[in-house]
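One structure is given below, encoded as C-alpha cells.
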Amino acid sequence: MLIYLTKKDCELFDMDQFSTLTEQEFTTFAMTHPAGNFLETPEMKHLLERRGWHCEYVGVKREGQLIAACILSKKKVKIGYAFDIDGGILMDYTDKKCVEAFFTGLKKYVKKNDGLYLTFTPNKQICLRDFNGGEVEKVNQETFDYFTSIGFEHQGFDVHNFDGAPRWLFVKDMAGLTEEDLWKSYGKDAKYDIKKTWEYGVTTRELRYEELPLFKKLTEETSARRNFEDKDLAYYQAVYEEFGERAKFMVAELNFATYLENLHEKLRKLQETLNEVNEALIANPKSRKKNNQKREFEDEVRTVRKRIDEAKEMKTSDEPEILAGALFIVHPQEVVYLFSGTYEKYKQYYAPYLIQHKMLTYTVENNIPKYNFYGVDGVFDGSDGVLKFKQSFGGHVEELMGNFQWKAKPMKYALYHALKTIKEKV
219 MLIYLTKKDC ELFDMDQFST LTEQEFTTFA MTHPAGNFLE TPEMKHLLER
269 RGWHCEYVGV KREGQLIAAC ILSKKKVKIG YAFDIDGGIL MDYTDKKCVE
319 AFFTGLKKYV KKNDGLYLTF TPNKQICLRD FNGGEVEKVN QETFDYFTSI
369 GFEHQGFDVH NFDGAPRWLF VKDMAGLTEE DLWKSYGKDA KYDIKKTWEY
419 GVTTRELRYE ELPLFKKLTE ETSARRNFED KDLAYYQAVY EEFGERAKFM
469 VAELNFATYL ENLHEKLRKL QETLNEVNEA LIANPKSRKK NNQKREFEDE
519 VRTVRKRIDE AKEMKTSDEP EILAGALFIV HPQEVVYLFS GTYEKYKQYY
569 APYLIQHKML TYTVENNIPK YNFYGVDGVF DGSDGVLKFK QSFGGHVEEL
619 MGNFQWKAKP MKYALYHALK TIKEKV
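Numbered as in the working numbering, the sequence shown ends at 644 without a single skipped number.
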C-alpha cells in the first residue's frame, strides 16, 4: 500500500492518510456510499482499462477506516500523463480534514506519477432546480470555492452535453414509491402512449450478448439520423461483459403477424357493430344517438384499416421486429438511462415509452431510490425534445458543478497545449 502523506501531514490531519486501495476495499465502500454511482464502480474501472486507460483506486483512511475513495484514471499524452476523476469523490465534503487530506495526497500522487494535468468532474450539484429547470437554490458554493482556492480551474458553466459525463441531468426520486404512485406521477402524454403500446401488443425484453449487433444497428441508425456520435460494438460488448446482470440492454418489439391478426379481428367486430347500427337506422333513420354512433364507428373502421395497411408494409417476417432499444446500468443508488435508439419507421408505436415504464417499474420493485434519465441540454425554452420526453415521466433537473482542471506542471502543460493547438490547425 502506497502512502503519500508525510508524518507531519498525518499529525496535521489527525492521521487522515491518502493511499491506494484494493478493489475489495473500494467496492465495499463505494457500493454503499450515498453518493455512489455507476462511474465509481469496479466495473467502470475495468471498462476504462479495456479502453486504454490505466486506473487506480485511491482514498483516505482515518485510523484504518476508509472515509473517502474514487477511481483515478490516467492516459499517456505527449509529455506526461493526463489524469481524470469522473463521478467522484465519494466522501463527506463537510469533513474538512478529510477533504484537505485527500487533495493534498492526490496532488502528490499525480506529480509523483509524471502527471501533466488532472481533470476532475465531481458528482455534486451547484444549483437545485425544479421540473422545468427553474432555479430553486444555489448549493455547495463553499465546496466549489475550495476547489478553485487550491488551484483547480473551473472549465465553465456550459449548456449542452460535452464529451464525457453531462453537466445537466433529469432525475426522478423513487424512494418509497409504489407502482400505483409511479403511474400517478406520469404526465398525461406518457400514460396515453404507454396504453397505446399495450393496445398494439408491444413487448419488452433484454438482449443476450450474441444479440448486441442488433442493438448496435439500432443506435447506429439513430445516431446517423440525429447527428450524434455512436459507440462501437466493442464498447457495448465490453459493457455487457463487465457489468453483467447490472447492464440492461432493453428492446421493445412488435410481432406484426400477431398484430395484423388482432387488427383484423378488431375490424370484424367493428364491422358487425356498424352493421347493427345501420339496421337500427333503417327502422329509425332520424335517431340522433344511432347516427352519432355510426359516425364514430365509421371513423374507427377507417383508423383500423389504415393501421392494417401500415402493418402490412412493416411486416417482413413472422418473428417480432425490434422497434426501439436502450441501455441501462443498475446501481444500488440509482438506475441510469445511458444510450438509446429508435427506428424512425416505427415511431408511431411509442416503444421508447414502454421501455422507460418497464425500467421505472423495475426501479420501484427493487427499492432503488433514484432513476437517472441522465443528460439534457440545459436549455429550457421548449426546444429540447429529449427533455420533453423525460419530463413526461416526472422528475426534476439537476445542474452539476462541471469540469475542473489542475495543472500539475504548468510550464510543461503550456508547451503541451501549444503543440496540441498546432496539431489541430494542421
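We treat Cβ as the ideally placed atom computed from N, Cα and C, and that holds for glycine.
| Item | Value |
| --- | --- |
| Same chain, Cβ closer than 7 Å to residue 258, neighbours up to 5 away in sequence not counted | 248, 288, 289, 305, 306, 308 |
| Residue 482 classed as buried or exposed, judged by whether at least 16 other C-beta atoms fall within 10 angstroms | exposed |
| Straight-line gap, residue 528 to residue 479 (C-alpha atoms, nearest Å) | 13 Å |
| Endpoints, the alpha helix (DSSP H) within which residue 510 is located | 506 to 532 |
| Contacting residues, own chain, Cβ-Cβ under 6 Å from residue 605 (five flanking each side not counted) | 594 |
| Beta-carbon proximity list for residue 195, same chain, < 7 Å, skipping 5 on both sides | As displayed, the chain neither begins before 219 nor continues past 644, which places residue 195 out of reach and without an answer. |
| Backbone CA spacing between residue 439 and residue 561 [nearest angstrom] | 7 Å |
| Pair within 8 Å by beta-carbon distance, residue 609 and residue 336 | no |
| Start-to-end residues for the alpha helix (DSSP H) that takes in residue 577 | 569 to 583 |
| Extent of the continuous beta strand (DSSP E) to which residue 470 belongs | 465 to 472 |
| Option nearest residue 596 by Cα separation, candidates 517, 555, 272, 353 | 353 |
| Among 432, 262, 334, the one whose alpha carbon lies nearest that of residue 633 | 334 |
| Residue 320 to residue 365 span [Cα, whole Å] | 12 Å |
| Own chain partners of residue 355 with C-beta closer than 8 Å, once the 5 adjacent residues on each side are dropped | 345, 346 |
| Neighbourhood of residue 621 by C-beta distance below 7 Å, restricted to the same chain and skipping five residues each side | 337, 339, 373 |
| DSSP state of residue 590 mapped onto helix, strand, coil | strand |
| Those residues which DSSP pairs with residue 332 across a bridge | Residue 332 pairs with nothing; no bridge assigned. |
| Where the alpha helix (DSSP H) containing residue 403 begins and where it ends | 397 to 403 |
| Inter-residue CB distance, residue 543 and residue 433 (contact presumed, cutoff 8 Å) | 5 Å |
| For residue 249, the residue or residues it bridges with in DSSP | Residue 249 is not bridged to any residue. |
| Candidates 422, 626, 521, of which the one nearest residue 570 by Cα | 422 |
| Nearest candidate by alpha-carbon position, reference residue 386, set 625, 456, 618 | 618 |
| Secondary structure of residue 416, DSSP reduced to three states | helix |
| Residue 272: first and last residue of the uninterrupted beta strand (DSSP E) it sits in | 272 to 280 |
| Residue 502 burial status per 10 Å Cβ neighbour count (16 or more: buried) | exposed |
| Cβ neighbour criterion (16 or more within 10 Å) applied to residue 603 | exposed |
| Cα-Cα separation between residue 332 and residue 409, rounded to whole angstroms | 55 Å |
| Secondary structure of residue 494, DSSP reduced to three states | helix |
| Beta-carbon contacts of residue 291 that lie in its chain and below 6 Å, excluding the five residues immediately before and after | 266, 271, 273, 302 |
| Close Cβ partners of residue 403 (< 6 Å) along its chain, the five nearest in sequence each way excluded | 612 |
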